[in-house]
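One structure is given here, and the rest of the page talks about it.
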Ligand code: GLY
């Protein structure tokens, strides 16, 4: 069968790479894809993004089903449009994706359904927001309500930072329409983890746990990004906490949506914070898999991913289970100079000579591409930077420490102008393991 994956990042490279491993899958189209998906065996890039063209393509090629990677097409209603056209697609409808599209919706929803989350207020008026900050003090969290590619969240430690965040969102419109409303919420101390499940509207299948590193620089400093590296599984989520997360957060969310008349089908990503006393709060919901969390999670998946998605589409997720590699997977993101604000594009990437030989990876190591493109003609093609996050070097190891060493050994071989990576991905988990 043939499958279509929508998107062009590292997450979509990993989704397509995992799907093509199934003996049942003959080809995975990636629309529009990147240089990595262009060269991966069994994948083919399709240079389209318009929903009507995606529908025409899926029909013409007799695609068995489509998988949506990023949030933007969900917000544009790609799932609703495919359903209207009678085509199978895995992802939430626009209504269901409100959990990610509007942080205001998500916070109000959690309040309605007693799902634990930090206390908050919402504002469209900057003056009122500034007054609220004066009353509540810092640290405090300021968020643009709409979609901002993971960059619209500010953890403000001083009043100046908090006021500046409000002005960037509401006054200078740094995030455009996504910033027409601001959420100001209490700062909660703890450890951030990512908890991702598949939902079929009636059943839930949890995927392996993971932890992202959202800040640009080592030691969790610098601005927030889409994610600079991740690993799976995370030792912070013990079996007891796993059960607690399912009971207090995941089931009430899917059931709460159903009570409000919305069937949730698709990946559901709960960004959580675990306090030292093991209280769990939801920081955010995403209606898709995480990037880069997908890369280490799928590196460990031993089950046939195409079958899992078919079960989800048939509402039979209760009849399947997942099998995971017992090793740890860890990924390191290489980002462009200027990321996240103003990434520089067009730099030549060196250190991946095997790319052109189409066999640049082994079973325990894979380079997933994000913002890459090919420059030149077929005889002489150069790999160049074409986005903010460029590559995601992912490796398996018998322990978190060994997975970290393995990923960095490969990441350090890759070069482009002012390439930026963090040097401490996995450090929270490594410190935690050594403390216990
Ligand atoms: N890595 C965070 C996200 O995908 O939103």
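Residue numbers (my numbering): 462 to 897.
Beta carbons: idealized from backbone N, C-alpha and C, even for Gly.
Being a predicted model, the structure only gives us computed values, none of them experimental.
Which stretch, first to last residue, makes up the alpha helix (DSSP H) that contains residue 759?
The count along the chain shown starts at 1 and reaches residue 759 at position 298. Note, residue 759: alpha helix (DSSP H), 755-761.
Just how far apart, CA to CA, sit residue 511 and residue 596?
Your numbering for residue 511 matches position 50 in the chain shown. Your numbering for residue 596 matches position 135 in the chain shown. Distance between the alpha carbons of residue 511 and residue 596: 46 Å.
Which same chain residues, not among the five before or five after residue 663, have their C-beta less than 6 Å away from its C-beta?
The residue given as residue 663 occupies position 202 in the chain shown. 776.
From residue 492 to residue 504, what distance separates their C-alpha atoms?
As a first step, residue 492 must be located in the chain shown, where it is residue number 31. As a first step, residue 504 must be located in the chain shown, where it is residue number 43. Using only the alpha carbons, I get a separation of about 10 Å.
Hey, could you find the ends of the beta strand (DSSP E) residue 659 is sitting in?
Start at 1 with the first residue of the chain shown, and residue 659 comes out as number 198. Looking at the DSSP string, the run of the beta strand (DSSP E) that includes residue 659 is 652-661.
Look up residue 506 in the DSSP assignment and give the residues it is bridged to.
As a first step, residue 506 must be located in the chain shown, where it is residue number 45. Answer is 491.
Which partner residues of residue 684 appear in the DSSP bridge assignment?
Indexing the chain shown from 1 puts residue 684 at position 223. Its beta-bridge partners do not exist; DSSP assigns none.
Around the C-beta of residue 645, are 16 or more other C-beta atoms found within 10 angstroms, so that it is buried, or is it exposed?
Here residue 645 refers to the residue found at position 184 when the chain shown is read from its first residue. So residue 645 counts as buried.
Assign residue 618 to buried or exposed, taking buried as 16 or more other Cβ atoms, counted over all protein chains shown, within 10 Å of its Cβ.
Residue numbering aside, residue 618 sits at position 157 when the chain shown is read from its first letter. Exposed, because fewer than 16 other Cβ atoms sit within 10 Å of the Cβ of residue 618.
Does the count of Cβ pairs from the stretch 885-894 and the stretch 791-804 closer than 8 Å reach three?
Output reads yes: the stretch 791-804 touches the stretch 885-894.
Please determine if the stretch 726-737 and the stretch 649-659 are in contact, where contact requires at least 3 C-beta pairs separated by less than 8 Å.
The stretch 726-737 vs the stretch 649-659: in contact.
Please state whether DSSP places residue 799 in a helix, a strand or coil.
Taking the chain shown and counting its residues from 1, the one referred to as residue 799 is at position 338. If DSSP states are grouped into helix, strand and coil, residue 799 belongs with coil.
On a CA-only basis, which of 702, 694, 744 and 729 is nearest residue 859? Give me that one, please.
Position 398 of the chain shown, counted from the first residue, corresponds to residue 859. Of 702, 694, 744 and 729, the residue nearest in Cα terms is 694.
Output the distance between the C-alpha atoms of residue 638 and residue 607, rounded to the nearest integer angstrom.
Position 177 of the chain shown, counted from the start, is the residue given in the question as residue 638. Position 146 of the chain shown, counted from the start, is the residue given in the question as residue 607. If I take the Cα positions, the gap works out to 7 Å.
Just curious, the alpha helix (DSSP H) that residue 767 is in, first and last residue?
Counted from its first residue, the chain shown places residue 767 at position 306. Start and end: 766-774.
Hey, is residue 469 close to ligand 1, as in C-beta under 6 Å from one of its heavy atoms?
The count along the chain shown starts at 1 and reaches residue 469 at position 8. No, Cβ of residue 469 sits at least 6 Å from all heavy atoms of ligand 1.
Is residue 575 near ligand 1, going by C-beta to nearest heavy atom under 6 Å?
Taking the first residue of the chain shown as position 1, residue 575 is located at position 114. No; taking the cut-off as 6 Å, the Cβ of residue 575 has no heavy atom of ligand 1 nearer than that.
Using a threshold of 7 Å, state whether the C-beta atoms of residue 528 and residue 535 are closer than that.
In the chain shown, residue 528 corresponds to position 67, counting from 1. In the chain shown, residue 535 corresponds to position 74, counting from 1. No, the pair does not count as a contact, with Cβ atoms beyond the cut-off.
Cα separation between residue 656 and residue 825?
Start at 1 with the first residue of the chain shown, and residue 656 comes out as number 195. Start at 1 with the first residue of the chain shown, and residue 825 comes out as number 364. So the alpha carbons of these two residues sit roughly 23 Å apart.
Taking 6 Å as the cut-off, is the CB of residue 878 close to at least one heavy atom of ligand 1?
For the purposes of this step, residue 878 is identified with residue 417 of the chain shown, where counting begins at 1. For ligand 1, not one heavy atom lies less than 6 Å from the Cβ of residue 878.
According to DSSP, is residue 692 part of a helix, a strand, or is it coil?
Position 231 of the chain shown, counted from the start, is the residue given in the question as residue 692. Residue 692: strand per DSSP, three-state reduction.
Between which residues of its own chain and residue 509 is the CB-CB distance below 7 Å, once the five residues before and five after are set aside?
The residue you call residue 509 lines up with position 48 of the chain shown. Result list for residue 509: 492, 493, 515 and 518, in chain order.
Rounding to the nearest angstrom, what Cα-Cα distance links residue 496 and residue 891 in this structure?
Numbered from its first residue, the chain shown carries residue 496 at position 35. Numbered from its first residue, the chain shown carries residue 891 at position 430. If you take the alpha carbons of residue 496 and residue 891, they lie about 33 Å apart.
According to the neighbour-count rule (16 or more other Cβ atoms, all chains shown, within 10 Å of its Cβ), is residue 827 buried or exposed?
Your numbering for residue 827 matches position 366 in the chain shown. Looking at its Cβ environment, which holds 16 or more other Cβ atoms inside 10 Å, residue 827 is buried.
Hey, could you find the ends of the alpha helix (DSSP H) residue 887 is sitting in?
The count along the chain shown starts at 1 and reaches residue 887 at position 426. From DSSP, residue 887 is part of no alpha helix (DSSP H); its letter is neither H nor E.
How long is the line joining the alpha carbons of residue 612 and residue 622, rounded to whole angstroms?
Taking the first residue of the chain shown as position 1, residue 612 is located at position 151. Taking the first residue of the chain shown as position 1, residue 622 is located at position 161. Approximately 15 Å between the Cα atoms of the pair.
Under 6 Å from any heavy atom of ligand 1, does the C-beta of residue 848 make it?
By 1-based counting over the chain shown, the position of residue 848 is 387. Outside the cutoff, so no.
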